[in-house]
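Colleague: First the structure, which I've put down as structure tokens, then a few questions once you've had a look.
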Amino acid sequence: MDFSPVPISLAPMAGVTDLAYRLLARECGADFTVTEFTAASGLTRRNTYSWLKVETDPREAPFIPQIFGGDISEMAKTVEMLEDRADIIDINFGCPAPKVCRNDAGAALLRDPDKVVNMVRRCISSTDVPISVKMRLGTGSGENTALEISQRLAEEGVLRICVHGRTLRQRYSGTADWNQIKEISDSVDIPVIANGDVIDTYSAKACLQATGASGLMIGRGAIGRPTVFHEIKQGMGWSVGNPPWGEGSPSKARRWCWDRYLELSEEVFDESGGKNLKRHAVSFTKGLPGASAMRVRLHSIQDKEKLGDEVSRYLHNLEEDGTQSEIASSNL
Ligand SMILES: Cc1cc2nc3c(=O)[nH]c(=O)nc-3n(C[C@H](O)[C@H](O)[C@H](O)COP(=O)(O)O)c2cc1C
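Numbers given in the working numbering equal positions in the sequence shown, counted from 1, plus 414.
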């Protein structure tokens, strides 16, 4: 079955999708990106750390900061504060973290559809910037509420809805239920983005077929693998042109992405490498030959520039080894 091109986006992920990584994902074929979730309470109190999370760069456009909170007035105020920089503002009803849910925010709000609708209505009426939402299927106790909430939010004028096909109780266990995403997608006139367990062309096709969604959002499948966007589009047969890493092996693509992440980090962060550098270093090298020994070395390096260089060297060597063995086997 052929699928017409739909947007494939990078999911918001706390501790992963910093600005440099989002720019990298865009260069690797992601159609849009969303910031990690930021507390409305932090932004309204002008907390510096919270405001750093909603920084962007013209190359990211559209800029979509994601916010969460349990207080409707605070959420509306936050939307007003973000309106001069955001192209779309996304509201999180999906976070399962106990410290978020205890404050009646994130996925915990799914137990109270009226409150979700009131919150989104207030946010929509506080700004001209379009509002989107990202939610789970429900809390996992009692009936799932995502279908009812989606229908009501579509009436309120929300731009689009992204649904992660798991409940709050499931956190990340089990498999995403794409059938429930289909039910939602079939019952509203606004775009529904399917999220959960898409990691490659095969799962992307299966998810589009199962959900009939207007787009896909990829989270864990893009950690350490920003090339996934290009790979899927190419696998789908959509015209994507040459990738920025040129022709070549997956190890060349990986090495290019790492070096580009370092370059972008240098451009957009004050210090060399962002706060997530070590985490990305681990993700980019996971499962590769000799990666565990290299990781032990990484943990002893405090200087971010040295850490970046160490991973670059390691990936360069792997690429060379790969090229050598390709040459050797072609000479057989
Ligand atoms: C490390 C990590 C951090 C996450 N942080 C956020 C977040 O800040 N906001 C959000 O809406 N979802 C967050 N999520 C959920 C993802 O956006 C996504 O919904 C989920 O991982 C399912 O998609 P996947 O199967 O493609 O990973 C996070 C997930 C992970 C793994």
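Don't be surprised by glycine CBs; every beta carbon is placed ideally from N, CA and C.
1. Leaving out the 5 sequence neighbours to the left and right, which residues in its chain are closer than 6 angstroms to Ala590 when beta-carbon positions are compared?
2. Taking Cβ to Cβ, would you say Ile575 is nearer than 8 angstroms to Val547?
3. Output the distance between the C-alpha atoms of Pro510 and Asp518, rounded to the nearest integer angstrom.
4. Do you know how far the Cα of Thr541 is from the Cα of Cys442?
5. Check each candidate in Asp614, Trp652, Val602 and Gln648 and name the one with the smallest Cα separation from Ser628.
6. The beta strand (DSSP E) spanning Ile604 covers which residue range?
7. State the DSSP-derived secondary structure class of Gly688, mapped to helix, strand or coil.
8. I think Leu678 touches Leu424, with their Cβ atoms under 8 angstroms apart; what is that distance to the nearest whole Å?
9. Contact check, Lys467 vs Thr449 under 8 angstroms by CB: the rounded distance?
10. Looking at chain B, is there any beta carbon in it that lies within less than 8 angstroms of the beta carbon of Leu573?
11. Within the continuous beta strand (DSSP E) that includes Lys548, where are the two ends?
12. Should Ser599 be labelled buried (16 or more other beta-carbon atoms within 10 Å of its own) or exposed?
13. Verify the contact flag: Glu450, CB atom, against every heavy atom of ligand 1, threshold strictly below 7 angstroms.
14. Give the straight-line distance between the Cα atoms of Ile607 and Asp432, rounded to the nearest whole angstrom.
15. Quick one: grab the DSSP three-state call for Thr452.
16. Take every Cβ of the region 714-725, pair it with every Cβ of the region 694-702, and state whether three or more of those distances are shorter than 8 angstroms.
17. Assuming contact is defined by CB atoms lying nearer than 8 angstroms, are Gly655 and Thr615 in contact in what I supplied?
18. Within 8 angstroms, do at least three Cβ pairs link the region 461-477 to the region 512-531?
19. Ligand 1 and Cys509: does any heavy atom of the ligand fall closer than 7 angstroms to the residue's C-beta?
20. State yes or no: is the C-beta of Lys468 nearer than 7 angstroms to some heavy atom of ligand 1?
21. Quick check: is any heavy atom of ligand 1 less than 7 angstroms from the C-beta of Pro426?
22. What residues match up with Thr447 in a beta bridge as DSSP calls it?
23. Using DSSP's beta-bridge definition, name the partner residues of Cys576.
24. Within a Cβ cutoff of 7 angstroms, which residues of the same chain sit near Tyr675, ignoring the five residues on either side of it in sequence?
25. Expressed to the nearest angstrom, what Euclidean distance is found between the alpha-carbon atoms of Thr641 and Pro657?
26. Is Gln594 helix, strand or coil when you go by DSSP?
27. What does the Cβ neighbour count give for Gln594, buried or exposed, with the cut at 16 atoms within 10 Å?
28. Please report the distance separating the alpha-carbon of Asp684 from that of Ser653.
29. For ligand 1, any of its heavy atoms closer than 7 angstroms to the Cβ of Lys548?
30. Tell me the residue span of the beta strand (DSSP E) that contains Asp629.
31. Leaving out the 5 sequence neighbours to the left and right, which residues in its chain are closer than 8 angstroms to His730 when beta-carbon positions are compared?
32. Ends of the beta strand (DSSP E) at Gln480?
33. Kindly examine ligand 1 and report whether one of its heavy atoms sits closer than 7 angstroms to the Cβ of His578.
34. Between which residues of its own chain and Tyr463 is the CB-CB distance below 8 angstroms, once the five residues before and five after are set aside?
35. Measuring only the C-alpha atoms, how far is Met415 from Leu630?
Modeller: Based on what the coordinates show:
1. Gly579, Arg580, Gly610 and Asp611
2. yes
3. 11 angstroms
4. 32 angstroms
5. Nearest Cα to Ser628 within the set Asp614, Trp652, Val602 and Gln648: Val602.
6. Counting along the chain, Ile604 falls outside any beta strand (DSSP E), and DSSP gives it neither H nor E.
7. coil
8. Actually they are not in contact, since the Cβ atoms of Leu678 and Leu424 sit about 14 angstroms apart, beyond 8 angstroms.
9. 6 angstroms
10. Although the question refers to chain B, the structure presented lacks it and comprises just one protein chain.
11. Ile545 to Met549
12. buried
13. yes
14. Roughly 22 angstroms between the two C-alpha positions.
15. strand
16. The region 714-725 is in contact with the region 694-702.
17. A distance of 8 angstroms or more separates the beta carbons of Gly655 and Thr615.
18. No contact exists between the region 512-531 and the region 461-477.
19. yes
20. The sequence shown places Val at residue 468, rather than the Lys named in the question. Result no, Cβ not under 7 angstroms from ligand 1.
21. At least one heavy atom of ligand 1 is nearer than 7 angstroms to the Cβ of Pro426, so yes.
22. BP columns for Thr447 point to Leu424.
23. Lys548 and Ile607
24. Ala434, Tyr435, Leu438 and His694
25. Computed Cα separation, rounded: 9 angstroms.
26. helix
27. buried
28. As the crow flies, the alpha-carbon of Asp684 is around 37 angstroms from that of Ser653.
29. yes
30. In the sequence as presented, Asp is not what sits at residue 629; that position holds Gly. Unbroken beta strand (DSSP E) run through Gly629: Gly629 to Ile632.
31. Closer than 8 angstroms at the Cβ level, and outside the excluded window around His730, lie Arg669.
32. Taken as a continuous stretch (DSSP letters only), the beta strand (DSSP E) holding Gln480 covers Gln480 to Phe482.
33. Yes - ligand 1 has a heavy atom lying nearer than 7 angstroms to the Cβ of His578.
34. Gly456
35. Spanning the two alpha carbons is a distance of roughly 17 angstroms.
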